[in-house]
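*Asks:* To start, I am sharing the structure in question, which I have written as structure tokens.
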Amino acid sequence: MQPSKTEPALTRLPFGMVVFVVMSIIVALVSISFPIKPVIASPPLDPALEQAVSAAIRTQQPNAATDHIIVSPISRVKAWVFGSAAVIPQSSSDGVTDEETAPQILLFFAEQRDGGWQVALEHTPAFTQALTQIPQHLLTPEQWSTMPTTAQLSGDGSMQLNLPWAVRETWYLTGGPHKTFPRETTRSGLDFAVNGGRVRAAREGVAYTPCGQNSDLVRIDHPGGFSTNYYHLAGIAVTNGSRVERYTYLGMIGTGTSCLGGSQSGAHVHFWISRGGTPISIDGIDIGGWTVSALPNEYEGCMTRIRDGYRQCAVGRITNEGNFPPNPPYLISPDNGAIIKMATVTLQVADAGDPDNWPRPIRNYLFRITKSDNSWSASSDWTDSTSWTVTLPSEGSYSWIVYAGDWELPSAAAGPRTLTYIPNRPPNPPHLISPDNNAIIKTATVTLQVADAGDPDNWPNPTRNFRFTITKADNSWSASSDWIDSTSWTVTLPSEGTYSWIVYAGDWELPSAAAGPRTFTYIPNRPPNPPHLISPDNNAIIKTATVTLQVADAGDPDNWPNPTRNFRFTITKADNSWSASSDWIDSTSWTVTLPSEGSYSWIVYAGDWELPSAAAGPRTFTYIPNRFTTFIPLTIR
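Per my numbering, numbering through the sequence shown is continuous, rising by one, with the last residue being 800.
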């Protein structure tokens, strides 16, 4: 939008003269009468209450001793009254209205007891305490919402104010930031004017008109603990203590000064913001998409349009353009066309700003996702988070869009982006390697071995884990491994018999179908047959001390774990006075030297290098050594 033609610069004049010059150029002031809204009946003013409130004000503000005080009851429940009081300052000896009694508008609670009134004035601990004591219905819900017990600062720091006139109207900033009260140091006020200007509420709240029937001041208390104030009004159209909405008509611009004093030569509205009854600096405040900035001198100053930086200084034209919607947000993730493996997906955006950054400087968002066949759709609520997590109902393609909002208007949709949800595919069943199907297993300890057969989507991990299960055929025993990243698992079998085994592959999330079953039979090692004893024969007579014991291999039922046998010989003297044994040897004979004459028994074991046979024998023999004869020559006679 092109900026409006700049108004001719004006020489810095006193405020009254500025208003007079400007309004002489742009308006011909006319007196217009507007109908007044019906007034909600207020309780009558008790003179004793008026005196009690006035006394409480003068006690709190000694400088108000000579001021005129207007007491206006708003509501009454039983002994309690809620109302407003206006302190109208009188001129001091120096001709300047004494404004040091500010705040000039005070709410109050009063309780009638013991024939008198106990008064609690706004901005005092007594007022806060009274909020815990008054009847609930003494205040309307709107009035409760603006009281100190419930007022909270907006989380984003924004007052969410619009300009105090209708959308699409252009007014003049006739006075930049300046003091509301002559002796204050804060530049809290702005002046606006236009021919026939109708002043409207800058935000919803509760309106107070504390200066009686001819009040020219409206104060609106807003949720958030602050108030907007509108002075010099004519024909005020709201009642004391009534609820107003944003843009509610308040009255016409005027020149009235009856409520707070002062003098004006041109119709305008003096607008300021207060918190806790004290005016706050208007410099840097955002109002209706414009930011106020002060210049070195009072009544100078500018307003800069947030959306484009267009600047108008006093006396400049300020257009209430209304709220501009925010920009569509930036879509961050998932990427367009992304493949999503999990049913739970988080949609993520980034703030793309707002041309006027109004009525709030932060955005909220609405997410919407739809399945491509239109069988399902879901939306978030408006949320101040830039992400939203949703669970997809089933496999398929989806599109999603997101709106940004300024808490009043939505942006155009960002998107659509599409994503495809393909759930995790389980891995293929592993290849079974060993033992072979129907294998005969000879040892109780067996190692089951598989090989990885891959995964269709190789997700969520590129490697597999495995789970082995083995069961005895008669179901008397079963065992399983944990999920392990090894392709083999060793288990000890409890007993002889037939077993089946299966294995699952996993991707650390889903298991494959079972590979198998395979079966094998565990037949433990059988010992070899006892060997055949060959020599010496049973009961043989042995003449030499050195004897060779001889056997022959008698075979092995399973010929395992070696196809050949080893042997162990043992020989014992009958009186047990001596015994000897060979080692396990692979020879079928063993030679031993007997210690002495006598009877001996011997046995032999065959072995398969793991288990021994039963003993072959015993056989016995007797060792009788050779006898020597002495030769005596024969004498013949």
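Using N, Cα and C, we set each Cβ at its ideal position, and we do this for glycine too. Quick caveat, the model's predicted, so the values are computed rather than measured.
Report the option in Pro-788, Gly-559, Arg-531, Trp-539 whose CA atom is closest to the CA atom of Thr-546.
*Replies:* When each option's Cα is compared against that of Thr-546, the closest is Arg-531.
*Asks:* For the segment 650 to 660 against the segment 559 to 577, do three or more pairs of beta-carbon atoms, one drawn from each stretch, fall closer than 8 Å, so that the two count as touching?
*Replies:* No, they do not touch.
*Asks:* Cα separation between Ala-365 and Trp-328?
*Replies:* Straight-line Cα distance between these residues: approximately 8 Å.
*Asks:* Leaving out five residues before and five after Pro-788 in sequence, what residues of the same chain have Cβ atoms less than 6 Å from its Cβ?
*Replies:* Same-chain partners within the cutoff: Glu-760.
*Asks:* Give the straight-line distance between the Cα atoms of Arg-782 and Lys-605, rounded to the nearest whole angstrom.
*Replies:* Cα to Cα, the separation comes out at about 34 Å.
*Asks:* Using C-beta distances below 6 Å, list every residue in its chain close to Thr-333, excluding the 5 sequence neighbours before and after it, in chain order.
*Replies:* Correct list, in chain order: Arg-480, Thr-482.
*Asks:* Residues bridged to Ser-742 by DSSP?
*Replies:* BP columns for Ser-742 point to Thr-735.
*Asks:* Under the three-state reduction of DSSP, which class applies to Ile-450: helix, strand or coil?
*Replies:* Three-state DSSP puts Ile-450 in a strand.
*Asks:* Grab the span of the beta strand (DSSP E) containing Val-654 for me, first residue to last.
*Replies:* Per DSSP, Val-654 belongs to the beta strand (DSSP E) from 651 to 655.
*Asks:* Arg-221 by DSSP, collapsed to three states: which one?
*Replies:* Note: Arg-221 maps to helix in three-state DSSP.
*Asks:* Taking the alpha-carbon positions, what's the Pro-206 to Pro-311 distance?
*Replies:* Going by the C-alpha atoms only, they are around 24 Å apart.
*Asks:* Comparing alpha-carbon positions, which option in Gly-278, Phe-631, Arg-409 lies nearest Pro-522?
*Replies:* Nearest C-alpha to Pro-522: Arg-409.
*Asks:* Quick check for students: name the residue ranges of the beta strand (DSSP E) that lie wholly in the segment 465 to 535, counting only runs of 3 or more.
*Replies:* Complete beta strand (DSSP E) runs here, min 3: 465 to 468, 474 to 476, 479 to 482, 493 to 496, 501 to 503, 507 to 513, 527 to 534.
*Asks:* For Ser-651 versus Gln-612, is the C-beta spacing smaller than 8 Å?
*Replies:* Going by C-beta atoms, Ser-651 is nearer than 8 Å to Gln-612.
*Asks:* Check Leu-353 in the structure and name its three-state DSSP category.
*Replies:* Of the three classes helix, strand and coil, the one that applies to Leu-353 here is strand, per DSSP.
*Asks:* If the criterion is Cβ atoms closer than 8 Å, does the pair Thr-509 and Ser-550 meet it?
*Replies:* Yes, the pair counts as a contact, with Cβ atoms nearer than the cut-off.
*Asks:* Do the segment 721 to 738 and the segment 767 to 776 make contact, defined as three or more Cβ pairs closer than 8 Å?
*Replies:* Contact between the segment 721 to 738 and the segment 767 to 776 is present, because at least three Cβ pairs lie under 8 Å.
*Asks:* Within its chain, find whatever has a CB closer than 6 Å to the CB of Ala-866; leave out the 5 residues flanking it on each side and keep chain order.
*Replies:* Nothing can be reported for residue 866: it is not among the residues displayed for the chain, which extend from 164 to 800.
*Asks:* Are there 16 or more other CB atoms within 10 angstroms of the CB of Gln-292, so buried, or fewer, so exposed?
*Replies:* With fewer than 16 Cβ atoms within 10 Å of its Cβ, Gln-292 is classed as exposed.
*Asks:* Identify whether Phe-344 lies in helix, strand or coil by the three-state DSSP scheme.
*Replies:* Phe-344: coil per DSSP, three-state reduction.
*Asks:* For the segment 758 to 788, list the alpha helix (DSSP H) runs that are entirely contained and at least 4 residues long, ordered along the chain.
*Replies:* If we require 4 residues or more, the segment 758 to 788 turns out to have no alpha helix (DSSP H) run fully inside it.
*Asks:* Asp-446 and Ser-456: beta carbons closer than 8 Å?
*Replies:* Cβ atoms of Asp-446 and Ser-456: closer than 8 Å.
*Asks:* Measure the CB-CB distance between Leu-396 and Val-432 and report whether it falls below 8 Å.
*Replies:* The answer is yes: Cβ separation under 8 Å.
*Asks:* What residue range is occupied by the uninterrupted beta strand (DSSP E) comprising Thr-287?
*Replies:* Note, Thr-287: premise wrong, no beta strand (DSSP E); not H, not E.
*Asks:* Exposed or buried, what is Arg-790 when buried is set at 16 or more other beta-carbons lying within 10 Å of its beta-carbon?
*Replies:* Under this definition Arg-790 is an exposed residue.
*Asks:* Identify which residue in Gly-278, Ala-642, Asp-620, Ser-776 has its Cα closest to the Cα of Pro-691.
*Replies:* Ranking Gly-278, Ala-642, Asp-620, Ser-776 by Cα distance to Pro-691 puts Ser-776 first.
*Asks:* I'd like to confirm the pairing. Which residues does DSSP put opposite Pro-442 in its beta bridges?
*Replies:* DSSP output for Pro-442 lists Ser-437 as bridge partner(s).
*Asks:* What are the boundary residues of the beta strand (DSSP E) that includes Trp-753?
*Replies:* Where Trp-753 is concerned, the enclosing beta strand (DSSP E) stretches over 752 to 756.
*Asks:* For the segment 553 to 635, list the beta strand (DSSP E) runs that are entirely contained and at least 3 residues long, ordered along the chain.
*Replies:* If we require 3 residues or more, the beta strand (DSSP E) runs fully inside the segment 553 to 635 come out as 559 to 568, 577 to 584, 594 to 597, 602 to 604, 608 to 614, 628 to 635.
*Asks:* Under a CB-based cut-off of 8 Å, is Gly-419 close to chain D?
*Replies:* No chain D is part of this structure, which consists of one protein chain only.
*Asks:* Is it a yes or a no for the segment 640 to 650 touching the segment 680 to 691, going by three-plus beta-carbon pairs under 8 Å?
*Replies:* No, they do not touch.
*Asks:* Compute the distance between the beta-carbons of Ser-535 and Ser-562, then report whether it is under 8 Å.
*Replies:* Cβ distance < 8 Å, so Ser-535 and Ser-562 count as in contact.
*Asks:* In this structure, does DSSP put Glu-274 in helix, strand or coil?
*Replies:* Note: Glu-274 maps to strand in three-state DSSP.
*Asks:* Run through DSSP, which three-state label would Val-401 get?
*Replies:* Residue state, collapsed to three classes: coil.
*Asks:* Run the CB neighbour count on Gly-368, radius 10 Å, all protein chains shown included, and call it buried at 16 or more, exposed below.
*Replies:* Buried is the call here.
*Asks:* Buried or exposed for Asn-537, please, with buried defined as at least 16 other CB atoms from any protein chain shown within 10 angstroms of its CB.
*Replies:* Asn-537 is exposed by the Cβ-count criterion.
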